[in-house]
Amino acid sequence: MKTSFSRWLGLISVLLGIIAWELIVRVTDLPRFILPSPVDVWVRFLKSLADGSLLLHTGYTLLEITLGLFFGVISATIIGYFLAKSRSLEKILSPYLVASQAVPIVAIAPLLILWFGSGITSKVLICSLIVFFPVLVNTVVGVRAVPPVLYDLMRSVRATRWQILFKLELPASLPVLLGGLRIGATLSVIGAIVGELVDAKNGLGFLLKVGDFQYDTAMVFVAVFMLITLALMLYGIVTLLEKRFLRWQQPAS
Amino acid sequence: MTTKPILTVHDLSVVFPDSNGGLHVLENISFEVCPREFICFLGPSGSGKTTLLRVLAGLLAPTSGNVHFIRRQHPKIGMVFQQSNLMPWRTVMDNIKLPLELEGVSDAKARVKAQEMIELVGLDGFEDSWPRDLSGGMAQRVGIARALVHDPDLLLLDEPFGSLDAITRERMWTELSRIWQAKQKTVIMVTHSINESLFLADRVLVLTQRPGKVKFDLEVDIPRPRKDDIRYTPHFGKLARKLRETIE
């Protein structure tokens with residue numbers, strides 16, 4: 001009884017939030033371009049869905065995010081692996097890595113757009129950059145945490161380098177790798193929007209900016225909710241991956 | 001045993017480099033092992049027992065001397081470690097078939113072999129269990145099964161029961177003795193337990209404190225199969241005292 005109730009708690013909380021929002025709109029009687037009501041947002045959502053603009057821009061942003069995640073995660077995992085293996089490589093690269101983290105992505109986004117244009121390339125690049133560091137750090141931590149005795153085991157049965165990589169290092173560091181991916185997935189949404197806000201012809205960030213310029217605040221809300229949905233979806237995918245691949249970690253209930 | 005040795009170790013020394021002339025871990029170790037012989041290295045901690053096994057397993061190159069296997073240049077090794085050393089992301093079955101996987105044996109064949117091993121070590125019904133759900137003794141049985149599954153030329157045991165409680169430990173001696181009789185493997189084991197070495201081995205070689213040298217070579221002439229209660233016979237006691245006296 002109690003568990004079935006607590007399962008609904010999240011949904012109830014969201015409903016209460018929407019009701020509170022509606023009440024605030026009614027009580028304060030603010031103009032719609034300042035604070036639209038939930039109903040306004042819903043109507044705007046249906047409209048943009050019907051004219052196809054919402055799906056187009058969401059798809060565009062999703063493409064940027066996916067490609068950015070892909071390239072960011074792949075490059076960070078490969079470089080992280082070699083960093084974990086070589087202390088001298090770590091010493092050589094670490095000034096650049098630390099510097100890249102000290103500069104906020106918002107500050108270099110205009111530069112990247114200047115260099116790579118206002119199309120998809122610059123956004124993918126920004127996403128990759130923002131995803132890169134957390135995944136890199138987690139890869140280094142994960143690979144370094146592989147127990148040395150398991151290397152002994154693998155070498156005692158004459159495992160090849162590739163076998164050690166795929167049958168030991170990868171599965172052993174997978175929990176930490178997925179932890180990095182979890183952080184990276186939400187960050188990549190931020191990366192795409194930062195890029196689109198600076199300059200873009202497409203995407204949810206573009207939609208957001210247009211809505212803002214035209215005092216179409218309901219549209220801004222729709223875009224924001226779509227972004228939240230995208231972030232939650234990516235987060236959910238990583239959680240599913242963890243459930244699928246880290247079954248051995250979950251305690252027997 | 002009159003058969004030809006399967007393994008000869010000649011004048012083996014291991015020195016770990018350090019700031020004052022190197023740490024001499026093993027010095028001029030020489031011995032021979034016959035096929036199907038169970039040899040035990042007995043020594044206090046710090047006598048280089050584990051280092052010796054690591055050299056035999058090919059995990060460490062000796063500073064001087066050599067290790068020579070008669071049948072082939074690189075023998076197949078099965079190794080059991082101090083901790084069971086299972087991969088937590090693999091089930092019991094998948095842990096045991098790992099060496100076969102690495103050899104490229106087909107999955108179906110590997111499963112059949114692994115299942116045989118599971119039955120041999122008495123873990124039927126635990127095929128799909130995760131390592132986290134096993135007791136120390138069960139985990140070490142999986143370790144033994146994994147070390148035997150690819151039919152190794154040489155089984156190396158590094159204080160395999162050191163982390164178990166006394167009762168489980170003694171039960172495992174009987175188990176290992178039975179498994180060894182069934183599989184007829186050449187075994188080299190290191191331990192610091194006199195009882196363990198006498199109960200299991202055909203020959204006990206005593207190592208000195210660092211640098212480790214072979215100080216004493218004792219033929220254990222206790223008939224097999226050895227039952228639990230042989231440990232209370234006067235002969236066992238006599239051999240135990242002999243070994244005790246040689247260990248400082």
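Protein sequence lines, in the order shown, are assigned to chains A and B. Using the working numbering, the first residue of the first sequence is number 1, and each one after it goes up by one. Using the working numbering, the first residue of the second sequence is number 1, and each one after it goes up by one. Backbone N, C-alpha and C define an ideal beta-carbon position, used for all residues, glycine too.
- Not a single C-beta of chain A is nearer than 7 Å to the C-beta of B/W173.
- Not a single C-beta of chain B is nearer than 7 Å to the C-beta of A/Q101.
- Where B/M79 is concerned, the enclosing beta strand (DSSP E) starts and stops at 77 to 80.
- When secondary structure is reduced to three states using DSSP, B/E103 falls in the helix class.
- A/L11 carries a helical assignment under DSSP once its states are collapsed to helix, strand and coil.
- Of all residues in the region 87 to 121 of chain A, none comes within less than 7 Å of chain B when Cβ atoms are compared.
- Counted as a single uninterrupted DSSP element, the alpha helix (DSSP H) harbouring A/N138 occupies residues 120 to 144.
- Note that the C-beta distance between A/R44 and A/V222 is below 7 Å.
- For the region 170 to 231 of chain B, the continuous beta strand (DSSP E) assignments of 3+ residues that do not extend past its boundaries occur at 186 to 191, 203 to 207, 214 to 219, in sequence order.
- Taking one beta carbon from each stretch, the region 101 to 121 of chain B and the region 28 to 47 of chain B have fewer than 3 pairs nearer than 8 Å; the two do not touch.
- In this structure, A/V224 keeps its C-beta atom at 7 Å or more from the C-beta atom of A/D212.
- Annotated three-state conformation of B/I39 is strand, per DSSP.
- Apart from sequence neighbours up to five positions away, the residues of its chain that approach B/V92 with a beta-carbon distance below 6 Å are F126, E127, S129, V142, ordered along the chain.
- Residues of the region 96 to 111 of chain B with a C-beta less than 9 Å from any C-beta of chain A: L98, P99, E101, L102, E103, listed in chain order.
- Residue B/T51 holds the alpha-carbon nearest to the alpha-carbon of B/G212 among B/H10, B/R244, B/T51, B/P152.
- Residue state for B/S64 is assigned as strand, using DSSP reduced to three classes.
- Within chain B, the C-beta atoms nearer than 9 Å to that of A/V149 come from F81, Q82, Q83, N85, in chain order.
- The alpha carbon of B/I222 has as its nearest neighbour, out of B/N195, B/I247, B/R210, the alpha carbon of B/N195.
- Taking 7 Å as the CB threshold, A/L9 stays off the interface with chain B.
- B/T8: not part of any alpha helix (DSSP H); member of the beta strand (DSSP E) spanning 7 to 16, first to last residue.
- DSSP assignment within the region 163 to 216 of chain A yields the following whole alpha helix (DSSP H) runs of 4 residues or more, N-terminal first: 170 to 198, 204 to 213.
- D152, L153, M154, R155, S156, V157, R158, A159, T160, Q163, K167, L168: these are the residues of the region 152 to 170 of chain A whose beta carbon lies less than 9 Å from some beta carbon of chain B, given in chain order.
- By the neighbour-count criterion, in which 16 or more other beta carbons inside 10 Å mark a residue as buried, B/Q140 falls on the buried side.
- In this structure, B/S47 lies away from B/L205, with their beta-carbon atoms at least 7 Å apart.
- Non-local beta-carbon contacts of B/M172 in its own chain, meaning distances under 7 Å to residues more than five positions away in sequence, involve G137, Q140, F161, L164 in chain order.
- Residue environment analysis places B/Y232 among the exposed positions, since fewer than 16 neighbouring C-beta atoms fall within 10 angstroms of its C-beta.
- Along the region 38 to 63 of chain B, going in chain order, the ones with a CB nearer than 8 Å to a CB of chain A are R54, A57, G58, L59.
- The Cβ atoms of A/T58 and A/M226 lie closer than 7 Å to each other.
- Looking at the DSSP output, B/I29 sits in a beta bridge with B/L12.
- A direct Cα-Cα distance of roughly 25 Å separates A/A172 from A/K91.
- Setting aside the 5 residues that flank it on each side, A/I237 is surrounded in the same chain by A185, each with a C-beta closer than 8 Å to its C-beta; the list follows chain order.
- With a contact defined as Cβ atoms closer than 8 Å, B/K76 and B/H10 miss out at about 22 Å.
- One finds nothing in chain B with a Cβ atom closer than 7 Å to the Cβ of A/W21; even the nearest lies about 45 Å away.
- With respect to chain A, the C-beta atom of B/P88 has a partner C-beta closer than 7 Å.
- In terms of Cα proximity to A/I190, the closest of A/V131, A/L55, A/A99, A/Q214 is A/V131.
- Rounded to whole angstroms, the gap between the alpha carbons of A/S86 and A/V143 is 11 Å.
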